[in-house]
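Numbering (full-length UniProt numbering), first residue to last: 1 to 237.
Okay, structure first, notes after.
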């Protein structure tokens with residue numbers, strides 16, 4: 001897809017991968033819309049912010065309506081990036097924490113996707129990027145709730161791409177390994193971040209997938225740090 005002038009909606013763009021993706025997409029000439037709880041620190045004539053908490057259907061609907069009314073242009077790309085994880089054994093996890101992860105990671109993806117798809121199918125062009133996690137490919141102890149939510153995103157993505165591929169709409173699910181974001185701030189035992197991937201690394205993967213040729217479809221992309229426990233690989237050619 002040629003990104004120049006295309007409208008790209010990103011959820012959870014106030015920090016981390018979402019913020020890095022927003023900045024890189026603006027460099028590519030896209031019009032970027034952030035549906036986030038907090039306004040990102042971006043000042044650009046082609047950047048728009050609409051406050052949104054993806055856990056709530058009414059909040060997503062309001063952000064969508066504001067976007068359509070303000071931009072008067074079809075949404076070509078949706079990046080479902082908003083997500084969170086809460087650490088803990090399942091028998092010690094509160095139902096509230098479990099529901100928060102499901103509401104954000106799974107329901108939020110559904111609420112956003114169902115609104116943008118009809119127009120994408122009508123225009124025979126669109127790309128939905130779902131940011132999952134390697135926790136959506138394999139289980140990890142004390143991350144049962146998070147893994148369950150990301151396995152759900154994986155299933156949603158793989159079923160959806162088969163639903164919409166004949167309409168010219170792409171669905172790509174990206175499974176990042178450890179990435180240096182605020183995600184790990186409240187996790188016990190995570191102290192060394194120097195060998196993690198950077199948000200900008202994942203942003204470059206997103207843009208690469210979006211710019212692929214029309215009949216070329218990357219369905220699942222798994223990315224990990226090369227040497228997660230060091231030493232850091234040399235940057236020399």
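Every residue gets a Cβ at the ideal spot worked out from N, C-alpha and C, and that includes glycine.
Here the structure is a predicted model, which means the values were calculated and not measured.
- The Cβ-Cβ distance between residue 124 and residue 168 falls below 8 Å.
- Close CB contacts of residue 115 within its chain, under the 6 Å cut and outside five residues either way in sequence, are with 64 (chain order).
- Straight across, the Cα-Cα distance linking residue 7 with residue 92 is about 43 Å.
- For residue 143, same chain residues with a beta-carbon under 7 Å away, outside a window of 5 residues either side, are 85, 87, 135 in chain order.
- Here the alpha carbons of residue 35 and residue 25 stand approximately 15 Å from one another.
- Distance from the CA atom of residue 74 to the CA atom of residue 29, rounded to whole angstroms, is 16 Å.
- Around the beta carbon of residue 90, fewer than 16 other beta carbons sit within 10 angstroms, so the residue counts as exposed.
- Judged by their CB atoms, residue 131 and residue 78 are not nearer to each other than the 8 Å cut-off.
- Of the residues 2, 19, 12, 11, the one whose Cα lies closest to the Cα of residue 201 is 19.
- When secondary structure is reduced to three states using DSSP, residue 38 falls in the coil class, being assigned neither helix nor strand.
- Nearest to residue 44 by C-alpha distance, out of 31, 54, 53, 50, is 31.
- Remark: C-beta atoms of residue 55 and residue 108 approach each other more closely than 8 Å.
- With a minimum length of 4 residues, the unbroken runs of alpha helix (DSSP H) contained wholly in the stretch 94 to 149 fall at 95 to 101, 108 to 123.
- Distance from the CA of residue 174 to the CA of residue 42, rounded to the nearest whole angstrom, comes to 24 Å.
- Here residue 181 carries a coil assignment [DSSP, helix/strand/coil].
- Distance from residue 83 to residue 145 at the Cβ level is roughly 12 Å; contact not present, criterion being Cβ atoms closer than 8 Å.
- Residue state for residue 194 is assigned as coil, using DSSP reduced to three classes.
- Residue 47 is bridged by DSSP to 32.
- According to the DSSP assignment, residue 222 belongs to the beta strand (DSSP E) that extends over 220 to 223.
- Listed as beta-bridge partners of residue 54 by DSSP are no residues whatsoever.
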